[in-house]
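Asks:
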Amino acid sequence: MKRFIPLALLAAVLGIVGFAALRPGSVTTQASAQTFTREAITDDPIAPKFAPKGYDVTIVEFADYNCPYCRRMHPTIAALLASDPKIRIVYRDWPIFGGASVEAARAAIASQWQGKHEAFNAALYEGGGRIDSAAIRAAAKRAGVDWTRLQKDLVTHKADIDGLLARTNVQAPALGLQGTPAFLVGPYLLPGAFDLPNLRKAVAKARAHPNGPPKAP
184 MKRFIPLALL AAVLGIVGFA ALRPGSVTTQ ASAQTFTREA ITDDPIAPKF APKGYDVTIV
244 EFADYNCPYC RRMHPTIAAL LASDPKIRIV YRDWPIFGGA SVEAARAAIA SQWQGKHEAF
304 NAALYEGGGR IDSAAIRAAA KRAGVDWTRL QKDLVTHKAD IDGLLARTNV QAPALGLQGT
364 PAFLVGPYLL PGAFDLPNLR KAVAKARAHP NGPPKAP
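Written out as structure tokens, the structure is:
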């Protein structure tokens with residue numbers, strides 16, 4: 184049975200100060216001495232997002248294009264978004280599988296500046312097999328990405344992309360994550376791969392308790 188971990192409990196286990204079930208406020212990690220807010224995870228200005236009008240739940244996805252479980256989760260996430268028009272998803276690429284993963288993450292992030300992230304993200308996962316430079320270019324072609332512009336955007340937005348990846352590399356371990364995939368559904372952390380019914384349960388819990396589980400009277 185899959186479990187959803189309230190961030191308040193996770194904070195107590197990890198020694199993270201001030202998380203309070205991911206309510207707004209600062210978070211300080213003892214290991215890294217880094218401080219960030221809830222919004223730093225959900226509202227990073229550079230992180231690609233799909234945000235339908237009137238959304239009421241945010242899912243943050245931590246993933247790597249060379250992670251086989253991330254690849255298996257892609258159609259599940261797509262089905263969830265297709266069936267629930269009030270979910271915003273924030274893509275936090277966490278390329279932990281090597282240089283090719285970093286290359287894919289950088290390309291995917293850069294594709295947002297030509298409005299192609301959603302299509303490119305799908306193409307990278309749906310290509311099958313390990314992602315390398317050739318697979319990235321093939322996925323870009325399938326997604327209709329302008330390759331020449333992508334290369335320019337990788338240069339123009341290099342500092343933004345590098346900064347986003349660096350922030351994710353701090354924030355993901357601070358949440359206690361040890362690998363991909365992982366999902367933050369409202370205030371609930373779901374480490375690992377989940378099926379569609381369990382994701383829907385997590386979304387329902389996040390809608391019912393957007394600041395975490397209710398306090399005991």
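Mapping to the working numbering: the sequence shown position 177 is 360, numbers consecutive.
All C-beta atoms in this analysis are idealised placements derived from N, C-alpha and C, irrespective of residue type, glycine included.
Just so we're clear, the structure is a prediction, and the values are computed from it rather than from any experiment.
Are at least three pairs of beta-carbons, each pair with one atom in the region 283-291 and one in the region 251-269, less than 8 angstroms apart?
Replies: No, the region 283-291 does not touch the region 251-269.
Asks: Tell me whether Thr212 sits in a helix, a strand or coil according to DSSP, three-state version.
Replies: Interpretation of Thr212 is limited by its pLDDT of 40, a score under 50 that renders its predicted location unreliable; no figure is taken from the coordinates.
Asks: On the criterion of 16 or more Cβ atoms from any shown chain inside 10 Å, does Pro380 qualify as buried, or is it exposed?
Replies: By the 10 Å Cβ count, Pro380 comes out exposed.
Asks: What are the start and end residues of each continuous alpha helix (DSSP H) run of 4 or more residues lying completely inside the region 207-280, in chain order?
Replies: Those alpha helix (DSSP H) runs which fall completely within the region 207-280 and span 4+ residues are 221-225, 251-266.
Asks: Please classify Arg275 as buried or exposed, where buried requires at least 16 neighbouring CB atoms within 10 angstroms.
Replies: Looking at its Cβ environment, which holds 16 or more other Cβ atoms inside 10 Å, Arg275 is buried.
Asks: Between which residues of its own chain and Pro207 is the CB-CB distance below 6 angstroms, once the five residues before and five after are set aside?
Replies: A caution first: Pro207 carries a pLDDT of 38, below 50, which makes its placement in the model too unreliable to give a value.
Asks: Identify which residue in Ala322, Val328, Ala246, Ala387 has its Cα closest to the Cα of Gly298.
Replies: Closest by alpha carbon: Val328.
Asks: Which value, in whole angstroms, describes the spacing of the CA atoms of Ala389 and Gly346?
Replies: Each residue's alpha carbon lies about 29 angstroms from the other.
Asks: DSSP three-state call for Val176: helix, strand or coil?
Replies: Given that the chain is displayed from residue 184 to residue 400, the structure contains no residue 176 and the question cannot be resolved.
Asks: Pairing CB atoms from the region 255-265 with CB atoms from the region 305-319, are three or more of them under 8 angstroms?
Replies: With the cut-off at 8 angstroms, the region 255-265 and the region 305-319 touch.
Asks: Quick check: His314 and Ala283, are their CB atoms within less than 8 angstroms of each other?
Replies: The sequence shown places Ile at residue 314, not His. Yes; because the gap between Cβ atoms is below 8 angstroms, this pair is in contact.
Asks: Can you tell me whether Thr241 is buried or exposed, with buried defined as 16 or more other CB within 10 angstroms of its CB?
Replies: Looking at its Cβ environment, which holds 16 or more other Cβ atoms inside 10 Å, Thr241 is buried.
Asks: So the beta strand (DSSP E) Leu372 belongs to, where does it begin and stop?
Replies: From DSSP, the beta strand (DSSP E) with Leu372 extends over 371-374.
Asks: Taking the DSSP output, what are the residues bridged to Ala365?
Replies: Answer is Phe245, Pro374.
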